[in-house]
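As given, the protein sequences belong to chains A and B, one line each in that order. Using my numbering, read the first sequence as starting at -15 and increasing by one per residue. Using my numbering, read the second sequence as starting at 206 and increasing by one per residue. We put the CB at the ideal spot given by N, CA and C, even for glycine. Predicted model only: the values in this text are computed from it and were never measured. What follows is a short report on a single structure.
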Amino acid sequence: MNEENKTMTELIDIQNISLKAAELVEEGRVHKSLYSDPAIFEEELDKVFNNTWVFVGHESEVPEAGSFKTAYIGRQPVILSRDRQMNLHVLENRCKHRGATVCEARKGKTKAFTCPYHGWGYGLDGSLRALPKPEEYAGVFDKSEMPLESLRVETYRGMVFATFKKDIEPLEDFLGGARKWIDLFMKQGGGYPVKVLGEHRFNFPGNWKIQLENTTDAYHFPIVHKSFVTSLDEATADIFDFLDGEGFVEDLGNGHSVMVMIPQLVDLEADLDQPIPARFAQLAQELRNEGKSEAEVRKLVRAAHGTGFNLNLFPNVSCSMAFFRVLRPVSVGETEIQHVALGGEGAPAPFNRKRMRLHEHFQGPMGFGTPDDGEAWERVQKGAMAGPDGWILVNRGMNNLHDSPDGNVAGAVCSETGMRGAYRQYKKMMAAGEGK
Amino acid sequence: MKSNTQLLAQVTEFIGYEADLLDHKGYKEWLSLWTDSGLYIVPADLNETDYLNALNLALDDAEMRNLRVARLQNGESVSAMSVGNTVRMMSRVRILEAGEEAVMARCAMTLNELRHGKLVSYPANVEYILRPTSEGFKMEQKVVKLLHADGFLRTVSFIF
């Protein structure tokens, strides 16, 4: 058959049309189908989540030998565990026999993971230790051949990342320019190691990239979070009035970006001689009552603020002012989010209490901030269904870019520089392997 | 424990009154049902009892309750404006402890919320510490233990 005799549908490769997600990302805009096309979502799980470093937890969540927590990489259930030698493991949560999950608890302490179906027992490092009536496998396989599948796992400053991609670059290289900002973020333990204090969990009926964008979106803050700002004292409300300030968004490469909203709170160990704000006066007094020196009181009070920036790490975690924001794509139109509260390991109780109360004020499903974010995101997902064609704009501030002191592209605090950085990485990953 | 039908009736009446105020957004009156030191708590971890030293979904003292009510009513919160209505059933009321200073009671709640045309249901155990006063009971503590507290909840722009 020559070309002229082909029908239109034969000329266009209909089956592959929706798979060209990379072409739906341009420098200043992305196509709305990236929020709504189930085929693109399936491709994202494979090309993004199964193909890069994904945040699975913080070391303080598995503090002792035998500690574990369950997590997900995309849709895949995994277990983060600490063995008796204190090594960390990230294991596929799937028995090698018939495939049942071997752990359903959110977190805990154990000596072994035992499959509930036929009783196969695995060690904290994933090795198959014992199984009932092993004689039927004599000569069929050896136990050493049947461990839980292990992922590659690396940590940076207590943050644990894992990947299914065995030949990926080292985590530190992947984080690159973001490491400096993680170092700054970890100063909020107030001289104590940063520790997870608890977490809020909620979901919203929308695509995961809506949340990815939001953490580097200062533009929405005074609009969506007006009711939160109203609930603050005047001095604190002034701090959150940052759109006309000296903040910026810097593209850190590999999809990562930092949005500095409150420049005076970038380094929590600097400016310790500043007056103690009214909202921390009670905390300062409680710390003094515990016998803390004035220097330590000031250090803890300043750390209690949290940092003045959001560090967005592609694809699933943000070091967001005072907490970790972790996203998980559930389906093209559903995303689960954890807001992980942080404090100091061994820090005075009033400090950690204040950190939790501040977290409750804004974060989580009942905070004064999150429900309004959720409402806006739900509207984005709904609106993305309108019309046969349409684009999402991420071109704000493209007219006003400069080089940062670290040599990165940077824009105004309310620019969409971070979103463009994330989508550049997304496009690169989604384009990889095309034309195979 | 000797059954005290009069006390049970009083507590049940109070719980029904509070529920009715919340479903009908009578927040100002609701705020007056508290002692000055009262705490409204929605735990994130149902095994936790030391609420002050744990992360909760909400832990409101008098100031935070006032701010929460203001947020729901001042027209600045897009999510608060999207909440349709709530209807909650309170039942299975039981007095756990009856003293002169305080009455501890527990009941079951099923709260239904209509939001964007969809019904969302929140089953919970609710625990009260009530202080008898000349104006009737005042809440010293209300703990709403959502069945789904440690799951992935939808966002909440009303008061449990």
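Task: Rounded separation between B:K230 and A:S134 - CA only - done: Cα to Cα, B:K230 sits roughly 53 Å from A:S134.
Open item on the list: Could you tell me the alpha carbon to alpha carbon distance between A:F434 and B:W235, rounded to whole angstroms?
Closed with: Residue 434 of chain A is absent from the model: chain A starts at -15 and stops at 420.
Task: Pick from B:V308, B:T210, B:A267 that is closest to B:K233, judged by C-alpha positions - done: Ranking B:V308, B:T210, B:A267 by Cα distance to B:K233 puts B:A267 first.
- [ ] Verify whether the separation of the beta carbon atoms of A:G161 and A:K95 is less than 8 Å.
- [x] It is not a contact, given that the beta carbons lie outside the stated cut-off.
Open item on the list: Buried or exposed for B:R299, going by 16 or more other Cβ atoms inside 10 Å?
Closed with: Per the 10 Å Cβ criterion, exposed.
Task: Beta carbon proximity, B:G356 to chain A, threshold 8 Å - done: Judged by the 8 Å Cβ criterion, B:G356 is in contact with chain A.
Open item on the list: On the DSSP letters alone, give me the boundaries of the alpha helix (DSSP H) that A:R286 sits inside.
Closed with: For A:R286, the uninterrupted alpha helix (DSSP H) run begins and ends at 278 to 288, by DSSP.
Open item on the list: Does chain B have any CB closer than 8 Å to the CB of A:E359?
Closed with: Cβ-Cβ to chain B under 8 Å: yes for A:E359.
- [ ] Can you grab the Cα-Cα spacing for the pair B:M206 / B:L301, in whole Å?
- [x] Low per-residue confidence applies at B:M206: pLDDT is 48, beneath 50, and the placement is therefore not dependable, though the value from the model is reported in the following sentence. Going by the C-alpha atoms only, they are around 9 Å apart.
Open item on the list: Strictly under 8 Å for the Cβ-Cβ distance: is B:A313 near chain A by that measure?
Closed with: No, B:A313 lies away from the interface with chain A (no Cβ there is under 8 Å from its Cβ).
Task: Between the CA atoms of A:K366 and A:R339 - distance to the nearest angstrom - done: Straight-line Cα distance between these residues: approximately 35 Å.
Task: At least three beta-carbon pairs within less than 8 Å, the region 245 to 257 of chain A to the region 275 to 291 of chain A - done: In this structure the region 245 to 257 of chain A lies against the region 275 to 291 of chain A, because at least three pairs of beta carbons, one per stretch, are closer than 8 Å.
- [ ] Within 10 angstroms of the Cβ of A:I(-2), are there 16 or more other Cβ atoms? Answer buried if so, exposed if not.
- [x] Here A:I(-2) scores only 49 on pLDDT, less than 50, and its place in the model is too uncertain to base an answer on.
TODO: Classify A:H240 as helix, strand or coil using the three-state DSSP reduction.
DONE: Looking at A:H240 - three-state DSSP - the assignment turns out to be strand.
TODO: Kindly say whether A:G92, judged by its beta-carbon, lies nearer than 8 Å to any beta-carbon of chain B.
DONE: Interface with chain B (8 Å Cβ-Cβ cutoff): A:G92 is excluded.
Open item on the list: Taking 8 Å as the threshold (beta carbon to beta carbon), is B:A259 in contact with chain A?
Closed with: Put simply, the CB of B:A259 is near chain A, with a gap under 8 Å to one of its CB atoms.
Task: Interface positions of the region 282 to 312 of chain B facing chain A (Cβ-Cβ less than 8 Å), listed along the chain - done: Residues passing the 8 Å Cβ filter: S282, V283, S284, A285, S287.
Task: Inter-stretch contact (C-beta, 8 Å, three-pair minimum) for the region 208 to 216 of chain A and the region 321 to 334 of chain A - done: Result no; under three Cβ-Cβ pairs closer than 8 Å.
Task: Spatially closest choice to B:R336 from B:E218, B:L257, B:Q211, B:W239, by CA coordinates - done: Ranking B:E218, B:L257, B:Q211, B:W239 by Cα distance to B:R336 puts B:W239 first.
Task: Presumed contact (8 Å Cβ cut-off) between A:A406 and A:F308, rounded CB distance - done: About 17 Å separates the CB atoms of A:A406 and A:F308; that is not less than 8 Å, and the two are not in contact.
- [ ] With DSSP as the reference, label A:K16 as helix, strand or coil.
- [x] Coil at A:K16, not helix or strand.
TODO: List the residues that DSSP assigns as beta-bridge partners of A:A368.
DONE: In the DSSP assignment, A:A368 is bridged to no other residue.
- [ ] Please decide whether A:E10 counts as near chain B, where near means a Cβ-Cβ distance under 8 Å.
- [x] Under the 8 Å criterion on CB atoms, A:E10 is classed as non-interfacial with respect to chain B.
TODO: Would you mind stating whether A:V180 and A:E45 have Cβ atoms separated by less than 8 Å?
DONE: Their beta carbons are under 8 Å apart, which means A:V180 touches A:E45 by this criterion.
Open item on the list: For B:A249, which residues in the same chain have their Cβ closer than 7 Å to its Cβ, ignoring the five residues on either side in sequence?
Closed with: These residues qualify, in order along the chain: L260, N261, L262, A354, D355.
TODO: Using a Cβ cut-off of 8 Å (strictly closer), state whether B:L272 contacts chain A.
DONE: Judged by the 8 Å Cβ criterion, B:L272 is in contact with chain A.
Task: alpha helix (DSSP H) segments (min. 4 residues) lying fully within the region 214 to 298 of chain B - done: Whole alpha helix (DSSP H) segments, 4+ residues: 232 to 236, 267 to 278, 283 to 287.
Open item on the list: For chain A, check one thing: does any of its Cβ atoms lie closer than 8 Å to the Cβ of B:N252?
Closed with: Closer than 8 Å: no.
Task: Environment of A:G419 [buried if 16+ CB atoms lie within 10 Å] - done: Legend: pLDDT at A:G419 = 46, less than 50; position of this residue unreliable, no value from coordinates given.
Open item on the list: Using a Cβ-Cβ cutoff of less than 6 Å, which residues in the same chain neighbour A:K91 once the five nearest sequence positions on both sides are dropped?
Closed with: Take A:K91, set aside five residues on each side of it, and the residues of its chain with a beta-carbon closer than 6 Å to its own are K53, in chain order.
TODO: Measure the alpha-carbon distance for B:N330 versus B:C312 and round it to whole angstroms.
DONE: Rounded to the nearest angstrom, the two C-alpha atoms are 6 Å apart.
- [ ] Using three-state DSSP, classify A:F169 as helix, strand or coil.
- [x] Here A:F169 carries a helix assignment [DSSP, helix/strand/coil].
Task: Beta-carbon proximity list for A:M70, same chain, < 7 Å, skipping 5 on both sides - done: For A:M70, where only same-chain residues beyond five positions count, the Cβ hits under 7 Å are A49.
- [ ] Kindly indicate if chain B contains any beta-carbon less than 8 Å away from that of A:T(-7).
- [x] At A:T(-7) the pLDDT is 49, less than 50, meaning the model places this residue with poor confidence; the figure from the coordinates comes in the next sentence. By this cut-off, A:T(-7) is not an interface position.
Task: Contacts around A:D357, its chain only, beta-carbon distance under 7 Å, and the 5 residues preceding and following it disregarded - done: The residues are N198, V208.
Task: Where B:V349 meets chain A, residues with beta-carbon distance less than 9 Å - done: Here the premise fails: no neighbours, minimum Cβ distance about 10 Å.
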